[in-house]
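Structure first, then comments.
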Amino acid sequence: MNVVLAKTETAHAQSDMLAVARDRLPGAGKVADTRRQAFEAYARLGLPYRRIEDWKYTDLRVLMREVLPLAAAPDAAAMKRAATALKLHAIAGVRPLVLVDGVFAPTLSETAGLEKGLGIRTLREALEAGDAALLAQLFSPDSSDAMVALNSAMMTDGVVIEIADGAVLEQPLHIVHIASGMIPAAMFTRSLIRVGKHTTATLVESYIGAEGTKAYQVHDSLVVAIGDGARLDHVRLIEDSREAFNISSAVVTLGANAHFNTFGMNTGSLVSRYQAVIAVAGEGSRVETNGVNLLNGRQHADTTLFLDHAVPNCSSREIFRAVVDDRGHSVFQGRIIVRPKAQKTDARMMTRALLLSDEAEADNKPELEIFADDVTCGHGATAGALDDSLLFYLRARGLSEKEAQALLIQAFVGEAIEQIANDALRELAVLAAQRWLAARG
Amino acid sequence: MSLLEVKNLQVRVEEREILHGLSLTVNPGEVHAIMGPNGSGKSTLSHVIAGKPGYDVTGGEILFKGEDLLEMSPDQRSAKGVFLAFQYPVEIPGVATMTFLRTALNAQRKARGESEFSTPDFLKKVRSVAASLNIPQDMLRRGVNVGFSGGEKKRNEILQMALFEPSLCILDEMDSGLDIDALRVAADGVNALRSPERAMVVITHYQRLLNYIVPDFVHVMSKGRVVKSGGKELALELEASGYAQFEDAA
Ligand SMILES: Nc1ncnc2c1ncn2[C@@H]1O[C@H](COP(=O)(O)OP(=O)(O)OP(=O)(O)O)[C@@H](O)[C@H]1O
Ligand SMILES: [Mg+2]
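Chains B and L supply the protein sequences, listed in that same order.
Note that our numbering has the first sequence beginning at 1, numbered continuously upward.
Note that our numbering has the second sequence beginning at 442, numbered continuously upward.
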């Protein structure tokens, strides 16, 4: 009886959430309808919990309990806090595109002097303009996942990047998500990047919290379309506040002879989930998707990847490393499907976890579903502690216990970081790892 | 003052006593050779001096420059000047040899309150030492000992010894796995480090090494004890008659 009551109350709170936020959600007519449908899907499913196979290690009903109300649009004080946070995480030579509390911040972003072939607008503008093809793409993420559905319903803003065929962008684009607020709240964003044919581009995404921010919630999603012969290099850095939640989804589609090199590093947030669906839909394409989790305290980070090989002659590589200290919990779920037509697929996945304490946990769930016969597929997983004989060798040479561990941890995550093709971005990941190691003391 | 004083050392590994009251005194400037059959506890002694975890010291003491060595962490011992060239140097993938050497050298210097080496000074020093040991530059760019041949690993140990300038060098079977030419180069490297302030403890099975590194003292270890000590001629005696005569003594 109590359970039913609780459910009803939650459902009430949830339907209020959409109603309360209505004025803040851009897009009328078809967009509003789609939002409502998505919200209904979410309300039916509720927060994912351990009985939902995809979420079995990340029970949001336990870990997150509820979705917080929509964050207020940032005022002048919020913008100031965000600007300070941005300075600390600024990257040289990139074009910053900044979202503060889920709202695009023109004053902190650089939208002038766009390179030839580059178009940038906000999600708000795109939803209000109502271009049918674009809307279809924006709403392509599948609402059968509750958190995607919630994001579709509630997305307030984001960045829509369109790169024309043949353009070669020298300057990396940097989407920065900043939470400014002292009051715990949720932000819902969705961004899109369309990389035209024979184009190269680089996208960095950072998630940060201003000084003093606490248990905020980031609900983000990214739609990526990579055209024939195009290449996208992509790096995600999650450095959210240590009490924050980050629930992100990505849907990536590759054309023919396309190349996607993506890397994610997670050192921040209390609970994070990154779920990506990568559809290799054009022949001769390549995907490298790599990641590193560096966790301590009670941090929980879940990376769930689904690689869908639908056509022949494509390759994919997944290299994932987790370093888990204290009572941290790292989850890696890697599903690869090789469909009947996808002959000559070469798909490999390797995940390794380093457990620095007895209470640290790492779960790894590889799933290979192969329906073609002429393929090379493989996966491997290991979990263990640092090698005592290596530690002793280093200590016998003068390194303290922490220094010796730091060197071995850097080497361990280095195997994944090395896969970042762009030198400057690789350096960013190295620095993020060093920051984490330095904070360990 | 003696550099190293091991007094009546008793050591257990997993409830089994390996060293049963071993004593050894080493003064600055001396070279000591330790010989003895397989399993007699030579590496155990070197590990306990270097501070390897997993050994239970149940009796006796080790003084280094008059201080209680057993109270120090392995890195403190290293900064104080203890160096062990391992019988089996480990491979450390992903840690470039150069990075490792610089991190180690600077950690030791920092612990002693000395300033860190600047990059150019460090590089100059490593290059000249490496050249004297016939270590090619590309080996220094690789992961520590990764893909090194047995002989190359041993030379890398000598390289570190030359770089860190310890006051006590323990060489555990540095001659195993070295061909005749490499042995000569490594021995020359060791001899170049001989000085009135520095002492060496050379663990070996073969008299041949002692033709290159001529010891002042030779000790025979058997079943966890030093059973005989003498001058360099003791090594020749052993070469001729083997260890059988000491088995009973132990
Ligand atoms: N970690 C350990 N666990 C169990 N026994 C050990 C361990 N380390 C050493 N021993 C035992 O202690 C004894 C001495 O070993 P140690 O390696 O010190 O001999 P050694 O004199 O160096 O031999 P070698 O000439 O073959 O190198 C051996 O019987 C060995 O099996
Ligand atoms: Mg030995």
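Backbone N, C-alpha and C fix where the C-beta goes; we use that ideal spot for every residue, glycine too.
Is DSSP giving residue i helix, strand or coil here?
i: Gln528 (chain L); result: coil
i: Gly378 (chain B); result: strand
i: Phe313 (chain B); result: Strictly speaking, residue 313 (chain B) in this sequence is Asn, with Phe absent from that position. Of the three classes helix, strand and coil, the one that applies to Asn313 (chain B) here is coil, per DSSP.
i: Ala19 (chain B); result: helix
i: Val661 (chain L); result: strand
i: Gly29 (chain B); result: helix
i: His488 (chain L); result: helix
i: Gly291 (chain B); result: strand
i: His461 (chain L); result: strand
i: Asp388 (chain B); result: helix
i: Asn479 (chain L); result: coil
i: Thr202 (chain B); result: strand
i: Pro577 (chain L); result: coil
i: Lys56 (chain B); result: coil
i: Lys365 (chain B); result: strand
i: Phe306 (chain B); result: strand
i: Val67 (chain B); result: coil
i: Pro469 (chain L); result: coil
i: Ser143 (chain B); result: coil
i: Met615 (chain L); result: coil
i: Pro534 (chain L); result: strand
i: Met79 (chain B); result: helix
i: Ser608 (chain L); result: coil
i: Phe505 (chain L); result: strand
i: Ala6 (chain B); result: Because the pLDDT of Ala6 (chain B) is 46, which lies under 50, any placement of that residue in the model is unreliable, and the question is left without a value.
i: Asp228 (chain B); result: coil
i: Gly284 (chain B); result: coil
i: Gln443 (chain B); result: Given a span of 1 to 441 for chain B in the structure shown, any question on residue 443 (chain B) remains unanswerable.
i: Met349 (chain B); result: strand
i: Asn151 (chain B); result: helix
i: Leu677 (chain L); result: helix
i: Asn246 (chain B); result: strand
i: Met589 (chain L); result: The residue asked about is misnamed: residue 589 (chain L) is Phe in this sequence, not Met. Coil.
Taking residue i and residue j to be in contact with their CB atoms under 8 Å, please state how far apart those CB atoms are, rounded to whole angstroms.
i: Pro48 (chain B); j: Met147 (chain B); result: 6 Å
i: Val98 (chain B); j: Val176 (chain B); result: 5 Å
i: Phe104 (chain B); j: Thr122 (chain B); result: 4 Å
i: Leu546 (chain L); j: Phe558 (chain L); result: 6 Å
i: Ala443 (chain B); j: Gly227 (chain B); result: Lying outside 1 to 441, the shown extent of chain B, residue 443 (chain B) is not represented and no answer is given.
i: Val631 (chain L); j: Leu612 (chain L); result: 7 Å
i: Thr623 (chain L); j: Leu651 (chain L); result: Looking at the sequence provided, one finds Ala at residue 623 (chain L) rather than Thr. That pair is no contact at about 17 Å.
i: Leu270 (chain B); j: Gln299 (chain B); result: 6 Å
Can you tell which of the options has its C-alpha closest to the C-alpha of residue i?
i: Ala71 (chain B); options: B:Ala43, B:Arg24, B:Val62; result: B:Arg24
i: Val582 (chain L); options: L:Ser617, L:Thr540, L:Val631; result: For the sequence presented, residue 582 (chain L) should be read as Arg rather than Val. The residue with the shortest Cα to Cα distance from Arg582 (chain L) is L:Thr540.
i: Thr538 (chain L); options: L:Val585, L:Ile503, L:Met602, L:Phe527; result: L:Val585
i: Thr202 (chain B); options: B:Val94, B:Asp59, B:Asp16; result: B:Val94
i: His234 (chain B); options: B:Arg395, B:His174, B:Glu243, B:Leu408; result: B:His174
i: Ser608 (chain L); options: L:Ser464, L:Ala520, L:Glu458, L:Ile459; result: L:Ala520
i: Arg358 (chain B); options: B:Gly384, B:Ala230, B:His198; result: In the sequence as displayed, the identity of residue 358 (chain B) is Asp instead of Arg. The shortest C-alpha separation from Asp358 (chain B) is found at B:Gly384.
i: Val323 (chain B); options: B:Val160, B:Ile226, B:Gln434; result: B:Gln434
i: Phe188 (chain B); options: B:Thr376, B:Leu254, B:Ala421, B:Leu18; result: B:Leu18
i: Asn296 (chain B); options: B:Gln343, B:Ala438, B:Asp423; result: B:Ala438
i: Ser514 (chain L); options: B:Arg397, B:Phe412, B:Val31; result: B:Arg397
i: Met694 (chain L); options: L:Pro534, L:Val642, L:Gly683; result: Outside the shown range of chain L (442 to 691) lies residue 694 (chain L), about which nothing can therefore be said.
i: Val20 (chain B); options: B:Gly46, B:Pro26, B:Pro69; result: B:Pro69
i: Gly501 (chain L); options: L:Arg453, L:Glu638, L:Val467; result: L:Arg453
i: Gln549 (chain L); options: L:Tyr653, L:Glu606, L:Tyr496; result: L:Glu606
Would you mind telling me which residues of chain L sit closer than 8 Å to residue i, beta carbon to beta carbon, in chain order?
i: Ser389 (chain B); result: Val531
i: Gly398 (chain B); result: Asp516, Ser519, Ala520, Ala545, Leu546, Ala548, Gln549, Ala552, Phe605
i: Arg395 (chain B); result: Gly492, Ser514, Pro515, Asp516, Ser519
i: Phe412 (chain B); result: Gly535
List, in order along the chain, the chain B residues whose C-beta lies closer than 8 Å to that of residue i?
i: Gln601 (chain L); result: Arg397
Output, in chain order, the set of chain B residues within a Cβ distance shorter than 7 Å of residue i.
i: Leu525 (chain L); result: Ala396
Whose Cβ in chain L lies nearer than 7 Å to the Cβ of residue i?
i: Leu407 (chain B); result: Val536, Thr544
i: Phe263 (chain B); result: Under the 7 Å cutoff, chain L gives no residues; its nearest Cβ is about 17 Å from Phe263 (chain B).
i: Glu427 (chain B); result: In chain order: nothing, as chain L lies at least about 15 Å away.
i: Glu415 (chain B); result: Gly535
i: Phe188 (chain B); result: Per Cβ cutoff of 7 Å: no residues; Phe188 (chain B) is ~39 Å from chain L at best.
State yes or no: is the C-beta of residue i nearer than 7 Å to some heavy atom of ligand 3?
i: Gly477 (chain L); result: Although ligand 3 was asked about, the structure shown includes only ligand 1 and ligand 2 as ligands.
Please list, in chain order, the chain L residues whose beta carbon lies closer than 9 Å to that of residue i.
i: Glu128 (chain B); result: By Cβ distance, chain L contributes nothing, its closest Cβ being about 50 Å from Glu128 (chain B), past 9 Å.
i: Phe320 (chain B); result: By Cβ distance, chain L contributes nothing, its closest Cβ being about 16 Å from Phe320 (chain B), past 9 Å.
**OP:** Could you name the residues whose beta carbon sits closer than 7 Å to any heavy atom belonging to ligand 2, keeping them in chain order?
**Re:** L:Lys483, L:Ser484, L:Gln528, L:Asp613, L:Glu614, L:Ile644
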